[in-house]
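To start, the structure under review is shown below, and the notes come after it.
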Amino acid sequence: MAGDVQYKWSRENGRIVGSWEGLDSEHLILAMDDASRPPQVIELNDGSREAAGLTGEMVEIAAVDGDRYRVVSGDIFAVRALWGSGLHRPFARRWERIASSTAAGLAVIGGSGSEEASWISLGDGLEIAFRGGNYSSGDYWQLPVRLSAELMWPAERDVEGAWQPKFCLAVGTKHWRAPLALISHDGEQLSVRDLRHLLSRRT
């Protein structure tokens, strides 16, 4: 693993998303869905950038009044540049804070290339670790946790025969597309080629 890798995590699988309505100096105008737990760390992005695998700007915010949030940590200049870049349906996604982070909501993993894994606490007895290797932006893992059971994660025996959590490859970011048609124009005539895969109707 060359260089440093940063990661973010979410208790809600990243599902808490609100509309990014505007930017006023150091204040963001956000329409967040979950008012019971105001966000502290958010990622600012839009759908087109996210589908292309481009990460957003991570900032730490504090509620000011209503839908106004002040940026208290992060690159406000990058946020302004992002807002002025002509975003298509911009949004804010909430992430969790890491106590040992050196940037907004992010912890830095040293890039020594060593196979030694350092366990990082996420709170509530949950810990994660990374081994040296190749990581790409968008790599992700899911940790199924139930209140009435332990973490459901694969295990393997170490050299001494004891059961240990298994290091698993990233699930990765996958985008599935289904072309419907190919439209072409030769300067005079428009033609449409049907690319749908039709299923026969059951009788």
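Our numbering puts the first residue of the sequence shown at 5, with every later residue one more than the last. Glycine is no exception: its CB is placed at the ideal position from the N, C-alpha and C atoms. Remember, predicted model here, so these are calculated numbers, not experimental data.
181 is the residue among 190, 188, 181 and 91 whose C-alpha sits nearest the C-alpha of residue 200. In terms of Cβ geometry, residue 144 and residue 175 form a close pair [threshold 8 Å]. For residue 100, the secondary structure class from DSSP, reduced to helix, strand or coil, is coil. Comparing alpha-carbon positions, the option among 188, 161 and 19 lying closest to residue 97 turns out to be 19. Nearest C-alpha to residue 32 among 195, 66, 135 and 56: 66.
Looking from the CA of residue 130, the closest CA among 150, 136 and 137 belongs to 150. Here residue 99 is near residue 45, since their CB atoms are less than 8 Å apart.
Around the beta carbon of residue 167, fewer than 16 other beta carbons lie within 10 angstroms, which makes this residue exposed. With a threshold of 16 other beta carbon atoms within 10 Å, residue 49 meets it and is buried.
Rounded to the nearest angstrom, the Cβ distance from residue 71 to residue 27 is 12 Å, too far for a contact under 8 Å.
For residue 82, the secondary structure class from DSSP, reduced to helix, strand or coil, is helix.
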